[in-house]
DNA sequence: GCCACATTTAAACCACAGGTGAACTATGGA
DNA sequence: TCCATAGTTCACCTGTGGTTTAAATGTGGC
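Residue numbers (the working numbering), protein chains in the order written: chain A, 12 to 236; chain B, 12 to 236.
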């Protein structure tokens, strides 16, 4: 096969919007399941499966089966490098006011993401409610357990019961900083929604903080939106 | 527009085979005309024009009009970087490294280009045989006229007779410096070929300096290849 | 003034690539 | 054992996006 042709097949592979979104999701280096990738990319499971198959066949992704899940990740670091380079081409003009505080955040699969999530996670760490023990795991301190209990989340119980990664740092590529993912991150978003501190929007990963949510967030974490 | 969306539009832009081929052509840093890009990409002029328009609109390419040609080049070096990274993902064995050998130069449409051309133009300016009067025009000094006469080029006559831009500075993308284009630049290449100081290669814009050419160039301009 | 060439624009066409729905495999939990 | 969940495969259909055909714009050379 011609080198030209190989290049074009490669770019066509990366260029398809759904595939591009899935690849973007993997940029933080985590291995994600087919379902998670499908959800992020706004695609049906079948569609995602087809796309992932092509990406694996092209040796852009590698797949690992664990139980009934299949975890996809980049086949080699160069793939991530190339995608980073591509992502850096996106005009960055509209990353306004990380500090000015937006009521808007977004959800990342099932937990809070974006600069609000980063700010929250930073505050949790700063107050030593959360500590980053390894590169891939947050640990909830005793004070943290109490804090989560106050919020209405039984962190301890959750850690014992859940098979899912408990408190995983999730790198937000647009923010270049970690925020809280995993089961705890998901529980937190669920709880915040239940408290009506944030509301989901229809057909979008965007979530918006209510006025009450903003007040409470400032009160319990000192985070001003 | 969402960051995700911007990324996908970007990748979709790069992912289209014809566009990808054109971008690949530009990877060596040269600025190419729409026609040349169309030819290389195996596309009709109209199709190429449409694609190029999109790439320019997305600020991946920049375009510069020169006469009835339009030269396309990367809008910023990061674009080339990203494409390099993508190209490096192609599994096949790499082709031999581009000739950094100084005997090699290349032609730009009809005149000498590349770092040799830049060196020559610099030398001409340094010895005040050529002066850059406006941003778009070189002027041949009296000493310059004599120098060109010695070379076998009647610059004065040419300037009177030719309607074509006489001595235009031509920006070489890969060198980031101007070199001598226009009628005078074309005449110079023609003359150098006639003198057998440089030889054209078949099916390529590459030209190579002969041993004699290298000696002479040093003698009359002090340019060492 | 003319013609030739390079390139762009507009409109009609159509192929291919991705989405969908249904059916199938496999794993885990009761 | 049964059922729910995760994921894949297949066949069909639809719509986007690129190509084509045609005509217009603009520049250079005579």
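We treat Cβ as the ideally placed atom computed from N, Cα and C, and that holds for glycine.
(request) Report, in whole angstroms, the separation of the C-beta atoms of residue 67 (chain B) and residue 73 (chain B), which I expect to be a contact under 8 Å. (result) 7 Å
(request) Determine the DSSP secondary structure at residue 87 (chain B), reduced to helix, strand or coil. (result) coil
(request) Note down, in chain order, all residues in the stretch 126 to 154 of chain A with a beta-carbon under 7 Å from any beta-carbon belonging to chain B. (result) none
(message) Less than 8 Å between the beta carbons of residue 97 (chain A) and residue 93 (chain B), yes or no?
(response) yes
(request) List in chain order: all unbroken alpha helix (DSSP H) runs of 4+ residues lying wholly within the stretch 36 to 92 of chain A. (result) 45 to 51, 56 to 68
(message) Once DSSP output is grouped into helix, strand and coil, what is the label at residue 221 (chain A)?
(response) coil
(request) Taking only beta carbons into account, state which residues of the stretch 25 to 36 of chain A come closer than 9 Å to chain B, listed in chain order. (result) 25, 26, 27, 28, 29, 30, 31, 32, 34, 35
(message) Can you look up residue 17 (chain B) in the DSSP assignment and give me helix, strand or coil?
(response) helix
(message) Pop quiz: residue 56 (chain A) and residue 45 (chain A) are said to be a contact at Cβ under 8 Å. What is the actual Cβ separation, rounded to whole angstroms?
(response) 7 Å
(message) I want to see whether chain B comes within less than 8 Å of residue 47 (chain A), judged by CB atoms only; does it?
(response) no
(request) State buried or exposed for residue 33 (chain B), treating a residue as buried only when at least 16 other CB atoms are found within 10 Å of its CB. (result) buried
(request) Taking only the alpha-carbon atoms, compute the straight-line gap between residue 140 (chain A) and residue 223 (chain A) and give it to the nearest angstrom. (result) 23 Å
(message) Here's a check: name, in chain order, each residue in its chain whose Cβ is nearer than 6 Å to the Cβ of residue 2 (chain A), leaving out the five neighbours to either side.
(response) Residue 2 (chain A) is absent from the model: chain A starts at 12 and stops at 236.
(request) Tell whether a beta-carbon distance below 8 Å holds between residue 38 (chain B) and residue 95 (chain B). (result) yes
(message) Counting C-beta neighbours from all protein chains within 10 Å, is the total for residue 54 (chain B) 16 or more, i.e. buried, or is it exposed?
(response) buried
(message) Taking a contact to mean a Cβ-Cβ separation below 8 Å, would you say residue 24 (chain B) touches residue 65 (chain B) in this structure?
(response) yes
(request) Assign residue 124 (chain A) to one of three DSSP states: helix, strand, or coil. (result) strand
(message) Taking the straight line between their C-alpha atoms, what separation do you get for residue 75 (chain B) and residue 84 (chain B)?
(response) 8 Å
(message) Tell me the DSSP secondary structure of residue 159 (chain B) in three-state form.
(response) helix
(message) Please classify residue 229 (chain B) as buried or exposed, where buried requires at least 16 neighbouring CB atoms within 10 angstroms.
(response) exposed
(request) May I ask which residues mark the beginning and end of the beta strand (DSSP E) holding residue 150 (chain A)? (result) 148 to 151
(request) Compute the Euclidean distance between the alpha carbons of residue 200 (chain A) and residue 82 (chain B), then round it to the nearest angstrom. (result) 52 Å
(request) Taking all protein chains shown into account, decide if residue 231 (chain B) is buried (16 or more other Cβ within 10 angstroms of its Cβ) or exposed. (result) exposed
(request) Please state whether DSSP places residue 236 (chain B) in a helix, a strand or coil. (result) coil
(message) Give me the subset of the stretch 56 to 81 of chain B whose CB atoms are less than 8 Å from a CB atom of chain A, sorted by chain position.
(response) 70, 71
(message) For a quick check, are the C-beta atoms of residue 144 (chain A) and residue 150 (chain A) less than 8 Å apart?
(response) yes
(request) Under 6 Å Cβ to Cβ from residue 235 (chain B), same chain only, skipping five residues before and after it: list those, please. (result) 229
(message) I need the straight-line Cα distance from residue 153 (chain B) to residue 190 (chain B), nearest angstrom please.
(response) 20 Å
(message) Just to confirm, is the Cβ distance from residue 192 (chain B) to residue 80 (chain B) under 8 Å?
(response) no
(request) Keeping to the same chain, check which residues put their C-beta closer than 7 Å to that of residue 198 (chain B); ignore five residues upstream and five downstream. (result) 164, 169
(request) Just the chain B side, please: which residues come within less than 9 Å of residue 223 (chain A) by C-beta, in chain order? (result) Those within 9 Å of residue 223 (chain A) in chain B number zero; the least Cβ separation is about 27 Å.
(request) Could you name the residues that DSSP lists as bridge partners for residue 210 (chain B)? (result) B:219
(request) Per DSSP, which residues does residue 142 (chain A) bridge with? Please list them. (result) A:150
(request) Using alpha carbons as the reference points, say which of A:87, A:101, A:52 lies closest to residue 70 (chain B). (result) A:101
(request) Using a threshold of 8 Å, state whether the C-beta atoms of residue 221 (chain B) and residue 204 (chain B) are closer than that. (result) no
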